[in-house]
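Under our numbering, the sequence shown has 52 at position 52, and the numbering climbs by one with no breaks. All C-beta atoms, glycine included, are put in the ideal place defined by N, C-alpha and C. The structure displayed is predicted, hence computed values, not measured ones.
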Amino acid sequence: METFKQLALMTTNTSPTHFLNLIKEKNLQEMTDYFIFNNEKNSQQFYQTLEFLADDGIWTKEELTGYTFVAQTIDNDYVLATDDKTLVVPYSCYQSDSETFDVSVFTFFSLVEDNELHSKIIAKID
1 METFKQLALM TTNTSPTHFL NLIKEKNLQE MTDYFIFNNE KNSQQFYQTL
51 EFLADDGIWT KEELTGYTFV AQTIDNDYVL ATDDKTLVVP YSCYQSDSET
101 FDVSVFTFFS LVEDNELHSK IIAKID
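Below you can see the structure in the form of C-alpha cells.
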C-alpha cells in the first residue's frame with residue numbers, strides 16, 4: 001500500500017483537488033482511522049457549522065475562499081488547503097485556535113504519517 005510520503009514524491013501537482021483524487025484513486029481512505037477525507041457531506045456540514053456558529057472570531061465561508069476542504073478528523077477538527085498552505089481548524093472553528101502550515105497538503109500528510117507534524121490540534125498517529 002502506498003503512503004502519503006510516496007504520493008508526495010510521485011507528483012509535482014500540489015493542489016488539494018489532485019491530492020483528493022489520488023486518495024480516491026489509490027484507495028488510501030483506509031490508511032488511517034483518524035481522518036475522513038473529503039466527501040460532500042462532511043464539507044457541507046463544516047460550512048453549515050460555520051454559518052450556525054457565526055460570531056466574532058469564527059471563520060466565515062468567505063474567509064476560506066481559495067481553500068479546499070480536505071478532511072475531517074474523528075475529533076471533529078478540519079483540514080483545508082491551498083496549493084501551498086494547509087489550515088487546521090479546530091472543532092470550535094475559532095480563527096485564533098486554528099493552525100496554518102506553510103506546506104502543501106501532500107507534505108502535511110507526510111508529516112502526520114511520520115509523526116513529525118508539530119500541532120496542538122492534530123493528534124499523533126500510532
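Own chain residues within Cβ distance below 6 Å of residue i, not counting five before or after
i	result
residue 105	16, 19, 70, 81 and 86
residue 83	14 and 15
Other residues of its chain near residue i: CB distance less than 8 Å, five sequence neighbours each side excluded
i	result
residue 206	A query on residue 206 cannot be resolved here, the shown segment of the chain reaching from 1 to 126 and no further.
Within 7 Å, strictly: CB atoms of residue i and residue j
i	j	result
residue 94	residue 57	yes
Backbone CA spacing between residue i and residue j [nearest angstrom]
i	j	result
residue 74	residue 33	8 Å
residue 10	residue 103	16 Å
residue 65	residue 49	16 Å
residue 124	residue 77	14 Å
residue 46	residue 117	23 Å
Residues near residue i by beta carbon distance below 7 Å, same chain, minus five either side
i	result
residue 8	106, 107 and 110
residue 97	90
DSSP beta-bridge partners of residue i
i	result
residue 70	None; residue 70 has no bridge partner.
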